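Number of protein chains: 2
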Amino acid sequence: MPEPTSTAVITSPRGSGIREVARLAGVSIATVSRVFNDASAVNPDTRRRVLERAAALGYEPSSLGRNLARGRSELLGLIVPDVSFPLYGQMISGIEDVLGQRGMSILLASSHDDADRELAASRHLLRHAVDGGIVINSQTDAALPSPRGVNWVHVSPEHGIWPCRVELDNVAGGGLAALELLRAGRRHAAYIGAPGRESAERERGFAAGLRRDDLAYRRAQGDYTELSGTQAADRLLEEFPALDAFFVAGDLMAAGVLRALHLRGLRVPDDVAVVGFDDAVLASLLYPRLTTIRQPAYEMGAAAARLSLQLLAGLRAEPVTFPPELVRRESTGPP
Amino acid sequence: MPEPTSTAVITSPRGSGIREVARLAGVSIATVSRVFNDASAVNPDTRRRVLERAAALGYEPSSLGRNLARGRSELLGLIVPDVSFPLYGQMISGIEDVLGQRGMSILLASSHDDADRELAASRHLLRHAVDGGIVINSQTDAALPSPRGVNWVHVSPEHGIWPCRVELDNVAGGGLAALELLRAGRRHAAYIGAPGRESAERERGFAAGLRRDDLAYRRAQGDYTELSGTQAADRLLEEFPALDAFFVAGDLMAAGVLRALHLRGLRVPDDVAVVGFDDAVLASLLYPRLTTIRQPAYEMGAAAARLSLQLLAGLRAEPVTFPPELVRRESTGPP
């Protein structure tokens, strides 16, 4: 059969293999290359012979040379505040599953919730020629560098200014928390928030939900850590001993609230009901099991990966907003 | 100044930029390439002019072309059972910090604790021409493919046969748990284990520690899930109501044991003491806070990354064994 001469040649970065495969299979290097690039014009017998010889030699084609020819690295950059935070781990799982089906891989970098480190991470990823990028919980309000038209998709960014983004409807989440505490017959609620846009939106929805029953609420500020939850609950209970419900902006802070209640001898949910936010692994392991507002983190990651693929294909991508979901457990009691 | 002709030329994968930078800076493409490769022979004024023009054009050099010339991708493959498991997240953080200091990046793939998927993940990473790889909790006893001499470093592998590995001294961890329960005055202990080598080693150390005081122990098997911990504790307490201590092979199972004790009205640690294993985020958030045997996950990840760099540099790498550490909290009470 004729051997076309215009095929991209695969080069293994350490220079081994393809010549040997071609020699043993009795074909040209270009034919070996076409077999591994899935070009359709290779005779089936030839293809089989090449694959057998390649397997016998332990030859693995390198995507480095192939992708250079194609102008694609098949890598997607991912900037995440901290990979050891379970909510982000679930998002990464969702991203990875979608990309894996397309043969693409995640190149990982951490931002530690810092705008400067986020920018540095983006430059680092771009030096590896990523085809696109996803940023979880971006803290910057400046656009990340975008050479070669690389697109960045944002998941739950602090600033809602990015055209390609995936986020939760936090206002609706706050509304669900209010409804649940009202359902449990509570009239004296408090909100424990944290800095940033997400907490402010959760509070807005919570306040609106309580207002429909003409109820006000107390408030205190934490920082998403367990300790800050304990301290905020202690302050509120000192000043307002009649409180019978807490809505807390994150499950880790809610763990701290539960501890404050245990140490004061208050029963949950009999004396005080608690609703958290996130539903990563933690909530269901607390004692009592925590009622919380679920962020579909895996699904949000998967949606961000699909947006990235759309942009890579040159398609338009619209922002995606996920609805939150109430997960009722022991800390608000039975209906 | 003379322009050498033997310098590797940076090519941007979408073909943009370097020519334009060279033209605007009034230098050759090879000079632009040398500036971005940090070759020392570029005149400082020329270097500054090139960097200014590159910044103005938003030009980012691609490592794809550069690394192809160098024969290195600067990528390290990482195979992890599940990124959303906090212990692995901490290991990834340690790996990432060490590699980041060397300008290298992590390419991520998941194995879901399955030997076949681990092999598929390794092939996927190799197609991206990783320079080396790290496998967390490998389940296979067959060597992963190693074209071009790529080395795989194992962290806590199920089979202790790999020359390059990082692991915890699990036997010593079991010994620490026995000592802690003896210190707390317990004489009727049980072990709740799970399948696999790590649990078997933890039990071996636990048994040896108790034997020094001529004590036997009861045992039951779980599977590292919370529910299996609750069920195993229930079975043991039905049969042996006099039990006053549990050593549990993982913190998640220990959360289930605490729940079983709460539901039976048994006080922790007054009636029953509990020691877990891992000390990822969870242990300190349980009620009561869980005494546990700490795996230094971040440090183990960092050690694996350093082993990988040694192997890449052509140096020998010896296995690294980390000592475990007792973290005493509320579930075994004050000394």
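Chains as they are written, first to last, in the UniProt record's numbering: chain A, 1 to 335; chain B, 1 to 335. Built from N, CA and C at the ideal position, the CB exists for glycine as well. Since this is a predicted model, take the numbers as computed values, not measurements.
task: Would you mind working out which of P288/B, L243/B, G209/B and L290/B sits nearest A189/B, comparing C-alpha positions?
output: When each option's Cα is compared against that of A189/B, the closest is L243/B.
query: How many Å lie between P81/B and F240/A at the Cα?
result: So the alpha carbons of these two residues sit roughly 47 Å apart.
query: Considering only residues of the same chain and omitting the five flanking positions on each side of L307/A, which have a CB-CB separation below 6 Å?
result: Listed in chain order, the non-local C-beta contacts of L307/A below 6 Å within the same chain comprise V153, C164 and A317, local neighbours out to five positions each way being set aside.
message: Helix, strand or coil, according to DSSP, for T31/A in the structure here?
response: Residue state, collapsed to three classes: helix.
query: Using a Cβ-Cβ distance under 8 Å, would L51/A count as near chain B?
result: So, not an interface residue.
- request: Report the option in E226/B, A178/B, S199/B and A232/B whose CA atom is closest to the CA atom of D213/B.
  value: When each option's Cα is compared against that of D213/B, the closest is A178/B.
query: By Cβ distance below 6 Å, which residues in the same chain neighbour E302/A in space, the five residues on each side in sequence not counted?
result: This sequence places Ala at residue 302/A; Glu is not what is there. Contacts found: G94 and V98.
- request: Note the first and the last residue of the continuous beta strand (DSSP E) segment covering L326/A.
  value: Per DSSP, the continuous beta strand (DSSP E) segment holding L326/A begins and ends at E325 to V327.
- prompt: Name the chain A residues whose beta carbon is nearer than 7 Å to that of Q90/B?
  reply: S84, listed in chain order.
- request: Quickly, what does DSSP pair F206/B with across the bridge? List them, please.
  value: Residue pairing by DSSP places F206/B in no beta bridge whatsoever.
- prompt: Of the residues that make up the segment 118 to 129 of chain A, which ones have a beta carbon closer than 8 Å to any beta carbon in chain B?
  reply: Cβ contacts with chain B: R123, H124, L125, L126, R127, H128 and A129.
message: So E226/A contacts chain B; which residues on that side make the cut at Cβ distance below 7 Å?
response: Those within 7 Å of E226/A in chain B are L285.
Contact the segment 219 to 229 of chain B vs the segment 191 to 198 of chain B: 3+ CB pairs below 8 Å: By the Cβ rule, the segment 219 to 229 of chain B counts as touching the segment 191 to 198 of chain B, because three or more pairs are nearer than 8 Å.
message: Using 8 Å as the cut-off, can you tell me whether the segment 285 to 297 of chain A makes contact with the segment 282 to 289 of chain B, which would need three or more C-beta pairs spanning the two stretches below that distance?
response: Put simply, the segment 285 to 297 of chain A touches the segment 282 to 289 of chain B. At least three CB pairs are less than 8 Å apart.
- request: Using a cut-off of 8 Å between C-beta atoms, extract the partners of A96/B located in chain A.
  value: Sequence check: residue 96/B is Glu here, not Ala. Contact annotation for E96/B against chain A: V83, L108, A109 and S110 [CB-CB distance below 8 Å, chain order].
field: DSSP state of S84/A mapped onto helix, strand, coil
entry: Reduced to three states, the DSSP call for S84/A is coil.
message: Need the endpoints of the alpha helix (DSSP H) that H262/A sits in, please.
response: Start and end: D251 to L263.
query: Is the CB of H159/A under 8 Å away from at least one CB in chain B?
result: Output row for H159/A: interface = no.
Beta-carbon gap between G277/A and R202/A smaller than 8 Å: Contrary to the premise, residue 277/A reads as Phe rather than Gly in this sequence. In contact: F277/A and R202/A (Cβ atoms closer than 8 Å).
field: Nearest-angstrom Cα separation, counted from S228/B out to A260/B
entry: Going from the Cα of A260/B to the Cα of S228/B covers about 11 Å.
- prompt: Quick one: Cα of R23/A to Cα of I29/B, how far?
  reply: Roughly 37 Å between the two C-alpha positions.
task: Give every residue of the same chain whose Cβ lies closer than 6 Å to the Cβ of P269/A, excluding the five residues on either side of it in the sequence, and list them in chain order.
output: Its chain contains S331, T332 and G333 as the residues whose beta carbon lies nearer than 6 Å to that of P269/A, once the 5 sequence neighbours on both sides are disregarded; these appear in chain order.
message: Using CA atoms only, rank isn't needed, just tell me which of N151/A, H124/A and A245/A is closest to P102/B.
response: Going by the sequence as given, residue 102/B is Arg instead of Pro. When only C-alpha atoms are compared, the closest one is H124/A.
task: May I have the straight-line CA-CA distance separating H159/A from R72/B, to the nearest angstrom?
output: So the alpha carbons of these two residues sit roughly 37 Å apart.
- request: Consult DSSP for T291/B and reduce its assignment to one of helix, strand or coil.
  value: Annotated three-state conformation of T291/B is strand, per DSSP.
task: Provide the residue(s) that pair with T76/B in DSSP beta bridges, ordered along the chain.
output: What sits at residue 76/B in the sequence shown is Leu, not Thr. Under the DSSP definition of a beta bridge, L76/B partners with I106/B and G132/B.
query: Using a C-beta cutoff of 8 Å, does H188/A count as contacting chain B?
result: H188/A does not count as touching chain B.
- request: Scan the segment 296 to 326 of chain B and note each continuous alpha helix (DSSP H) run of 4 residues or more that stays entirely inside, going in chain order.
  value: Counting whole runs of 4 or more residues, the segment 296 to 326 of chain B contains the alpha helix (DSSP H) stretches 297 to 312.
- prompt: Can you find a CB in chain B that lies within less than 8 Å of the CB of R259/A?
  reply: The beta carbon of R259/A sits closer than 8 Å to some beta carbon of chain B.
task: Inspect the beta-carbon positions of L75/B and D131/B and report whether they are closer than 8 Å.
output: A contact, by the Cβ cut-off of 8 Å.
- request: Specify, as a first and last residue, the run of the beta strand (DSSP E) that I116/B falls within.
  value: Note that residue 116/B is Asp in the sequence shown here, rather than Ile. Per DSSP, D116/B belongs to no beta strand (DSSP E); it is in the alpha helix (DSSP H), A115 to R127.
message: According to DSSP, is A273/A part of a helix, a strand, or is it coil?
response: Taken through DSSP and simplified to helix, strand or coil, A273/A comes out as strand.
- prompt: Closest to S146/A by CA distance: which of T140/A, S122/A and H128/A is it?
  reply: Here the closest residue by C-alpha is S122/A.
- prompt: Would you report the Cα separation of E198/A and R294/B, rounded to the nearest angstrom?
  reply: So the alpha carbons of these two residues sit roughly 33 Å apart.
Buried versus exposed, by CB contacts within 10 Å (16 or more), I161/B: Under this definition I161/B is an exposed residue.
Proximity winner among G77/B, M104/B and G89/B, relative to L119/B (alpha-carbon distances): With distances taken between CA atoms, L119/B lies nearest to G77/B out of G77/B, M104/B and G89/B.
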